[in-house]
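These notes are about the structure you will find just below.
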Amino acid sequence: MTKVLKTPNTMVVAGQPAIINYVPEIGMFRGKFIGLSGYCDFVADSIDGLKSEGEVSLREYLEDCRENRIDPYEREEKVKTFTLRYPESFGEQLAVAAAEHHVSVNSFIVETLNERLKHA
Numbered sequence: 001m002t003k004v005l006k007t008p009n010t011m012v013v014a015g016q017p018a019i020i021n022y023v024p025e026i027g028m029f030r031g032k033f034i035g036l037s038g039y040c041d042f043v044a045d046s047i048d049g050l051k052s053e054g055e056v057s058l059r060e061y062l063e064d065c066r067e068n069r070i071d072p073y074e075r076e077e078k079v080k081t082f083t084l085r086y087p088e089s090f091g092e093q094l095a096v097a098a099a100e101h102h103v104s105v106n107s108f109i110v111e112t113l114n115e116r117l118k119h120a
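So the sequence shown is numbered by the UniProt record's numbering: it starts at 1 and just counts up by one.
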């Protein structure tokens, strides 16, 4: 049996990097731009389609940011650290969840906390 690696592919569209994944439920590729301050994605069934749809999506995102006076790109922040104590079994669950999302455990924790703080 062939082992399928779950590593995301990347491409650059209009100078902006994006992570590309295949979504079997819709039979298409989904791209998500990285390095932006907000969410911007695009969907297509081919590489050429990804480039075209990505350019449209990015252009609309940048226009929306301009109209709303929002900085469209992430800003570099200083990184803070803290110690987190948790049960060993929780660490195993974290490692699995992070791998499923194609990120490090640290990134998974930060992203999860960020989502929770949005709703606090």
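Glycine included, C-beta positions come from ideal geometry on N, C-alpha and C.
Item: Alpha-carbon to alpha-carbon, alanine 14 and glutamate 63; Value: 14 Å
Item: Residues of its chain near glycine 27, where Cβ-Cβ distance is below 8 Å and the 5 sequence neighbours each way are ignored; Value: Asp45
Item: 7 Å CB neighbourhood of threonine 10 in its chain, flanking five on each side removed; Value: Pro17, Ala18, Ile19 and Ile20
Item: Any 3 or more C-beta pairs closer than 8 Å across the stretch 62-79 and the stretch 29-42; Value: yes
Item: Cβ-Cβ distance between phenylalanine 108 and alanine 97 below 7 Å; Value: yes
Item: Counted within 10 angstroms of its Cβ, other Cβ atoms place glutamate 53 as buried (16 or more) or exposed; Value: buried
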